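Asks:
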Amino acid sequence: AYPYFNAIGGEVTGRYLSQQLPFAGIQNLEIIGNAVVIGGLHLRQRIGTAHYLSLKGSFGIYHDGIMDLLKGEYLWGASFGYTYNSLIGPLGANIGYSNHTKKPQLFLNLGFYF
Numbered sequence: 506a507y508p509y510f511n512a513i514g515g516e517v518t519g520r521y522l523s524q525q526l527p528f529a530g531i532q533n534l535e536i537i538g539n540a541v542v543i544g545g546l547h548l549r550q551r552i553g554t555a556h557y558l559s560l561k562g563s564f565g566i567y568h569d570g571i572m573d574l575l576k577g578e579y580l581w582g583a584s585f586g587y588t589y590n591s592l593i594g595p596l597g598a599n600i601g602y603s604n605h606t607k608k609p610q611l612f613l614n615l616g617f618y619f
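Take 506 as the starting number for the sequence shown in my numbering and just add one per residue.
Have a look at this one:
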C-alpha cells in the first residue's frame with residue numbers, strides 16, 4: 506500500500522507522508538523502491554544581515570529488495586537557492602535538477618515551516 510512505500514522529494518521531512526525524505530532537485534513527492542539509502546549536503550552562506558545563498562546536494566540508491574540494493578538505480582540531485590529575511594518571514598527561491606525528474610524544478614517559499 507502507498508502509505509508504506511518510501512517517498513522522496515521536497516524541502517521538508519514528512520510533509521505529505523511520514524516516511525518522506527527531502528531530496529535536492531525533486532520538489533514533488535516521488536514514490537521509490539522498498540529499500541533506499543540517501544545522503545545529502547547543505548551549504549549555506551549569509552551575505553550581509555538578511556541575505557543567504559545555499560547549495561544543496563543529494564545522492565541515493567534504491568531497489569525493490571534490500572539484498573540487491575547495490576544493483577539498484579542511483580539518484581542524484583542539486584539545488585541552488587536565495588533567501589531574504591523579510592518582516593513577514595523568510596522569502597526564498599530554489600532552482601534544482603535531479604536525474605530522476607530530468608527537468609529543472611523551482612521552489613518558492615514565504616514564511617516558516619510548521
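Idealized CB from N, CA, C, for every residue including glycine.
Fair warning: this is a prediction, and the values are worked out from it, not measured in the lab.
Report the three-state DSSP secondary structure of residue 509 (helix, strand or coil).
Replies: In the sequence shown, the residue the question calls residue 509 occupies position 4. The answer is helix: DSSP assigns residue 509 an H, G or I state.
Asks: Give me the Cβ distance between residue 563 and residue 588, rounded to the nearest whole Å; I'm assuming they're in contact under 8 Å.
Replies: Position 58 of the sequence shown, counting from 1, holds the residue named residue 563. Position 83 of the sequence shown, counting from 1, holds the residue named residue 588. Not really, about 19 Å apart at Cβ, beyond 8 Å.
Asks: Consult DSSP for residue 608 and reduce its assignment to one of helix, strand or coil.
Replies: Here residue 608 corresponds to residue number 103 of the sequence shown, with the count starting at 1. Coil.
Asks: Going by C-alpha to C-alpha distance, which of 581, 509, 549 sits closest to residue 543?
Replies: As a working note, residue 543 is residue 38 in the sequence shown. Of the listed residues, the one whose Cα sits closest to residue 543 is 581.
Asks: For the beta strand (DSSP E) containing residue 599, name the first residue and the last one.
Replies: Within the sequence shown, residue 599 is the residue found at index 94, counting from 1. Per DSSP, residue 599 belongs to the beta strand (DSSP E) from 594-603.
Asks: Mind listing, in chain order, the continuous beta strand (DSSP E) runs of no fewer than 3 residues lying wholly within the segment 535-566?
Replies: Taking only runs of at least 3 residues, the beta strand (DSSP E) segments lying wholly in the segment 535-566 are 535-537, 540-552.
Asks: I'd like to know whether the C-beta of residue 529 is nearer than 7 Å to at least one C-beta of chain D.
Replies: The chain labelled as chain D is not found in the depicted structure, where only one protein chain is given.
Asks: Considering only the beta carbon of each residue, do residue 606 and residue 531 sit closer than 7 Å?
Replies: As a first step, residue 606 must be located in the sequence shown, where it is residue number 101. As a first step, residue 531 must be located in the sequence shown, where it is residue number 26. Yes, they are a contact pair.
Asks: Is the Cβ-Cβ distance between residue 599 and residue 584 less than 7 Å?
Replies: Along the sequence shown, read from residue 1 onward, the residue named residue 599 stands at position 94. Along the sequence shown, read from residue 1 onward, the residue named residue 584 stands at position 79. Their beta carbons are under 7 Å apart, which means residue 599 touches residue 584 by this criterion.
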